[in-house]
Every structure is written in C-alpha cells, then in structure tokens.
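Below is one structure, written out as structure tokens, with a few remarks after it.
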Amino acid sequence: MKRKARWSRSVRLGLVAALSTMRRRLDQVGCCSCLRAERNAQHLPAHRYCAADALLSPRLTVAPLAVLSFFMCWQPAFAENAEQGASRTGAPVQNAFDLDPFSGPRAVSTILRDDREEKADLLNLNVLKAWEGWKAGIAESTGLSFGGDYFAVGFAATDSLGDDTSASGVARFFGSWALLNRGAANTGSLEFKIENRHAYTDIPPSAFGVEVGFVGTPEPVFNNDGFRATTFYWKQDFADDRAVLRVGFLDMKEYFDGYALASPWTGFLNLAFTVGSNTMIVLPDAALGAMFGGYLTDNIYAAASIMDAGYQPTNMFDGFDTFFGDFNTFKTAEIGITGGGKRFLFDNAHIAVWQTDESDVSGVQSGWGVNVSVSRVVADHWLPFLRAAWAHEGGGLYERSVSGGFGYQNKPGGNQLGVGLNWGRPNSDTFGVDLNDQWISEVYYRVQLTENIQITPNLQIVVNPALNPADALALFGLRARVTF
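This note's numbering applies: residue 3 is where the sequence shown begins, and numbers increase by one.
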C-alpha cells in the first residue's frame with residue numbers, strides 16, 4: 003500500500019513550480035495544459051517530465067469492456083416515461099429522458115429545449131411568462147430560438163494549501179437559427195453561444211483543486227476568461243435526422259464521451275464525472291473544425307471529428323490562421339450502442355478515443371487516450387453509470403480514472419440527485435513526480451425553485467488528496483442558475 007510520500011527538497015520545488023504553472027493555466031482557460039514550455043523556461047530537470055510509460059492494467063481494461071459487452075446484449079426494454087413534459091408556451095416537448103441524437107446536455111438545442119419544458123418547481127412561479135411567449139413568437143415566425151442564463155458558483159474547503167474559498171460567475175447568450183427545412187426533417191441551422199466568465203475571488207473554481215491540494219478541479223468551466231466564444235457553427239441533419247454534420251467553431255463536449263449527467267452546468271460539478279473523467283485537460287471549444295456522426299443501425303452509432311488544437315476562445319477567429327497555418331489538430335472518434343432515437347445519452351454505452359498534436363499557441367501537449375462509458379435508465383427514474391479512462395501524455399490531470407454512480411429524478415423538470423465516486427491516478431508526465439492515487443466523491447441535489455431558478459447544493463470529499471498532507475478534505479459548494 004502506498005504511503006504519503008516524504009518528498010525531497012528538490013522534488014518539492016519542482017512540484018511547486020509545476021503547480022504554479024498549472025494554476026495559471028487553469029485560471030486562464032479553465033484547464034491546465036502543457037508544462038513543457040515552463041520546464042524549459044525554468045530549467046527544471048528534463049527527466050522529471052519524461053513520458054509516462056506505464057500501460058493500463060489488464061484488469062482495468064477488461065472490467066469496463068465486460069460491462070460494455072453485457073450492456074450490448076440487453077434489449078432496450080425501458081418503457082417511455084408516461085409523464086410527458088409540457089412547454090410553458092403550450093407546445094409539447096420531450097420528457098426528461100428524450101434528447102436529440104448527437105446533442106449532449108451542453109448543446110444549444112438541448113439547453114433551449116430543456117428551458118422550454120414546464121418545470122415541476124417548488125414555488126410554482128414563472129415571472130417571465132410574457133417574455134417566453136414573445137420569444138416563442140419570434141421562433142415561430144423566423145426560426146430563431148434564443149435564450150440566456152446567469153450562473154454563480156462558490157466553494158469553501160475544510161483544508162487548503164492556500165485560499166480556502168473560491169467563487170465566480172458566468173453569463174451566457176445562446177441561440178439556434180433554423181434556416182433550412184425549418185420544422186421538417188434534415189434541418190440546417192446556425193448554432194452559437196457566447197459567454198462572459200468572471201471570478202469573484204482571487205482563485206476561480208477551475209483552479210481551486212490545485213489551490214486546496216488535490217489533483218482535479220471542482221468546477222472546470224468557471225474561470226476568469228472574460229468575454230469569450232464557445233460555439234459558432236453550421237449544423238446539418240441528414241438521412242431523416244439519423245446523421246449530423248457540424249462545421250465551424252465547435253465545442254467537442256457537445257458530442258464526445260457524453261452521458262446525461264456530464265454537464266458541469268447542470269449535472270455533476272467535478273471534472274472527474276464529466277467528459278474525459280479527469281484524464282483529458284484538452285477539451286476544445288471555439289475550435290475551428292468539423293464533426294460527422296450517424297446511426298449505423300437502429301442502435302449502433304459512430305462519430306468522428308477534427309479541430310484546431312491551437313484554439314483560443316477569447317480570440318476565436320484567429321483559428322483560421324492556426325488551423326490552416328499550423329495544422330496542429332485534435333481528433334476524436336467514438337462508437338457506441340444506444341436505446342435508439344432520443345435516448346442517446348441515457349441508454350448508452352460507448353468507447354471513445356482522442357489524439358492531440360502539440361500546439362505552442364494554446365500550450366496543448368501532444369497525447370492520446372481512451373474513454374469507456376456505460377449508462378442505462380432503470381425503473382424510469384434511476385440512471386446508474388460506470389466510466390473509465392486512460393491517457394498517454396496530453397497534459398491531463400489523471401493517467402487512469404474509474405468513476406461510478408447514479409442520478410435520480412422523480413419527474414421531468416423536477417429536482418435531481420446525483421451521487422458519484424471516482425478513483426484516479428495522477429499523471430506523472432504532467433506533474434513530474436509519482437503522486438499517490440486519490441479518491442473523489444460527489445453528491446449534488448439540484449432544486450428547481452421556480453420555472454427560471456435552480457439552486458444546487460454540492461458536497462465533494464477528497465480522500466488521500468495527492469497534493470495535500472491531509473488524509474481527507476471536503477468542499478462545500480453551491481451553484482445557482484437563472485434563465486431568461
């Protein structure tokens with residue numbers, strides 16, 4: 003059994019330098035990336051930043067694949083939830099277990115559809131009913147659907163190497179403009195999302211994990227970027243909506259390695275339970291590229307994408323120069339099985355791979371990895387999941403990760419409970435030393451207070467934090483969302 007390492011002074015100084023660099027990266031872009039440039043600049047020993055040579059153990063590989071194979075033998079038997087949601091503007095919408103294929107919880111079309119759904123809110127109050135009716139009229143007459151929201155997130159830690167509190171906010175404006183085949187199959191639409199991300203404290207939540215002393219981030223998207231873009235692309239459905247093409251400035255988290263609870267905006271907060279399971283620190287958004295995916299059969303799908311590894315969300319259109327000039331790219335591929343139709347993210351099992359080139363522009367380090375995920379609705383309201391990931395280099399926080407847990411939602415538009423447990427091995431190539439394995443658990447309860455207000459208390463417990471001598475620490479968090 004590993005014990006807490008007593009590091010030598012030279013190793014500790016090297017680790018402090020790496021952590022300082024990582025915190026700057028997290029503060030700037032919401033995730034850490036390549037430390038190689040800083041190693042050269044600080045003249046740190048090269049051997050401590052060599053590539054990690056350890057391969058994923060057979061047990062860690064076989065277990066999720068066995069579960070995946072078992073899942074593939076199941077016949078989709080989950081009956082449609084009889085409780086159908088209703089639009090606040092009167093039109094029927096899908097229930098909580100209906101999402102369009104290849105549009106994850108972060109996609110604009112998904113956000114707009116969920117926001118239109120009649121909520122089972124505690125106060126039964128909607129002060130924006132007239133505003134929503136006006137927006138619905140605009141969408142009906144022009145095909146332009148749009149919305150906005152404001153988030154605030156705060157954390158307090160029981161133990162920290164530095165600051166013990168962190169908070170920030172994000173304002174978003176997003177829309178989807180159906181310009182081709184509106185209201186019919188094979189729609190073509192312009193999708194866009196812009197944001198302002200701002201910290202309330204010196205350390206934003208995206209960098210708070212390193213600040214308190216664990217490998218990870220309690221909320222990856224809440225940083226201090228200021229004004230930035232996330233998406234601006236053309237989305238074209240094909241083959242009676244069984245396939246889709248996206249071309250433009252993409253957010254790969256909309257379609258890659260997804261499941262229903264993966265969004266840190268509305269689901270789990272910690273990066274360990276979102277896309278990449280903490281092994282991917284390169285999660286491009288506002289990146290010039292293309293994605294194509296479709297159903298191979300009624301239940302089997304495949305998707306692939308390529309985009310600019312030199313992405314710059316605060317200077318999105320510079321992507322034309324970096325993509326066509328440097329052509330350092332980030333690639334993804336995914337194949338999976340699903341319950342079919344609109345249960346894409348709920349009854350879903352997939353294997354996803356990624357590879358990235360090095361980019362001096364964004365600081366991205368070259369690397370590649372594999373993600374495996376299984377989730378399935380049980381008894382209409384429960385969503386258990388099991389996920390695993392492995393990475394070779396790439397600047398990620400973990401090189402191996404396994405997560406499991408469940409979500410529970412009693413009715414569409416109602417409160418939601420999420421419980422998760424993660425084991426992770428820190429990436430020795432990123433940190434330059436072999437750190438101890440660590441465990442992260444998270445519990446959140448999303449309360450639908452009114453039609454337009456959500457409050458989500460959150461508790462994260464880190465056992466054996468890799469960067470802190472404490473045996474365990476806890477983070478108490480609160481996320482709030484107001485839609486308009």
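Each residue gets a CB set at the ideal place from its N, CA and C atoms; glycine is no exception.
Here the structure is a predicted model, which means the values were calculated and not measured.
With contact defined as three or more Cβ pairs closer than 8 Å, the region 467-482 and the region 198-217 are in contact. Under DSSP, residue 386 shares a beta bridge with 408. Residue 210 places its beta carbon 8 Å or farther from that of residue 234.
Beta-bridge annotation (DSSP): residue 430 is not paired with any residue. As a beta-bridge residue in DSSP terms, residue 461 pairs with 445, 478. Annotated three-state conformation of residue 110 is helix, per DSSP.
Only residues of its own chain outside the window of five on either side were considered, and among them 269, 270, 409, 420 have a CB closer than 6 Å to the CB of residue 263, listed in chain order. Rounded to whole angstroms, the gap between the alpha carbons of residue 152 and residue 172 is 6 Å. Straight-line spacing of the CA atoms in residue 132 and residue 267 works out to 26 Å. Shown here, residue 309 sits in a strand according to DSSP, grouped into three states. When Cβ pairs closer than 8 Å are counted between the two stretches, the region 243-262 is seen to touch the region 317-336, the count reaching three or more. In the structure shown, residue 254 adopts helical secondary structure according to DSSP, grouped into three states. Comparing C-alpha distances from residue 367 to each of 411, 282, 435, 385 shows the shortest one belongs to 282. According to the DSSP secondary-structure assignment, residue 420 is paired through a beta bridge with 409, 446.
In the DSSP assignment, residue 210 falls outside any beta strand (DSSP E) and lies within the alpha helix (DSSP H) extending over 210-214. In the pairwise beta carbon analysis, the region 425-433 is classified as touching the region 395-402: at least three pairs are separated by under 8 Å. In this chain, residue 162 is not harboured by any beta strand (DSSP E), its DSSP state being neither H nor E. Taking residue 228 as reference, the option from 315, 448, 435, 376 with the minimal CA-CA separation is 315.
Within a 10 Å sphere around the beta-carbon of residue 155 sit 16 or more other beta-carbons, which makes this residue buried.
Contact between the region 240-247 and the region 290-297 is present, with at least three C-beta pairs closer than 8 Å. Contact check for residue 197 against residue 415 fails: the beta carbons are separated by 8 Å or more.
Of the candidates 260, 181, 313, the residue whose Cα lies closest to the Cα of residue 238 is 181.
The shortest C-alpha to C-alpha distance from residue 361 to any of 406, 354, 327, 349 is the one to 327.
Residue 391 is a Cβ neighbour of residue 373, given a cutoff of 8 Å.
Listed in chain order, the beta strand (DSSP E) elements of length 3 or more contained wholly in the region 316-397 are 331-340, 350-358, 369-377, 384-395. Residue pairing from DSSP places residue 296 in a beta bridge opposite 245, 304. Rounded to whole angstroms, residue 260 and residue 168 show a C-alpha spacing of 27 Å. In this structure residue 485 touches residue 117 by the C-beta definition: roughly 5 Å separates them, less than 8 Å. Secondary structure of residue 144 (DSSP, three-state): helix. Judged by DSSP in its simplified three-state form, residue 273 adopts helix. Nearest in C-alpha terms to residue 476, of all of 159, 449, 224, is 159. Taking a C-beta distance under 8 Å as the contact criterion, residue 453 and residue 127 qualify as a contact pair.
The Cβ atoms of residue 348 and residue 379 lie closer than 8 Å to each other.
For the pair residue 136 and residue 204, the Cα-to-Cα distance works out to about 40 Å. Secondary structure note for residue 190: its beta strand (DSSP E) is the uninterrupted segment 190-201.
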